[in-house]
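Residue numbers for the sequence shown follow this note's numbering, so the first one is 19 and each next one is one higher. Ideal Cβ placement from N, Cα and C applies to all residues, glycine included.
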Amino acid sequence: MEIDELVIYDCPVCEGAALLEEEGNSYYVTCMECGCHSVNVNFKSEDQRLDAAKRTVDLWNRGKVIKMEPGE
Ligand SMILES: [Zn+2]
19 MEIDELVIYD CPVCEGAALL EEEGNSYYVT CMECGCHSVN VNFKSEDQRL
69 DAAKRTVDLW NRGKVIKMEP GE
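1. I need the DSSP call for Asn58, collapsed to helix, strand or coil.
2. DSSP puts Cys49 in a beta bridge; with which residues?
3. State the CB to CB distance for the pair Asn79 and Tyr27, rounded to an integer number of angstroms; the pair is presumed to be in contact (CB under 8 Å).
4. Please determine, among Ser44, Asn43, Met50 and Leu24, the residue with the shortest C-alpha to C-alpha distance to Pro30.
5. Would the beta-carbon of Val31 be found less than 6 Å away from any heavy atom of ligand 1?
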């Protein structure tokens, strides 16, 4: 399985399209509509890269998202 094969559900808050983002040595999922996001999952090596992406996508898909606070 490749990272781009992961199924990412629509945003559980606003049903907007969600995107997997890479930031440094971590991945997170963010909503392009309302800006809420999953937690960052770090990886330390290429071996852990796919696992980290899977974990953050899984959290997102189960509705474990952090909502943007006003003014943030
Ligand atoms: Zn959203």
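In short:
1. In this structure, DSSP gives Asn58 a state outside helix and strand, which the three-state scheme calls coil.
2. According to DSSP, which records beta bridges pairwise, Cys49 is partnered with Ala36.
3. Asn79 to Tyr27, Cβ: 5 Å. Contact.
4. The residue with the shortest Cα to Cα distance from Pro30 is Met50.
5. Yes, the Cβ of Val31 comes within 6 Å of a heavy atom of ligand 1.
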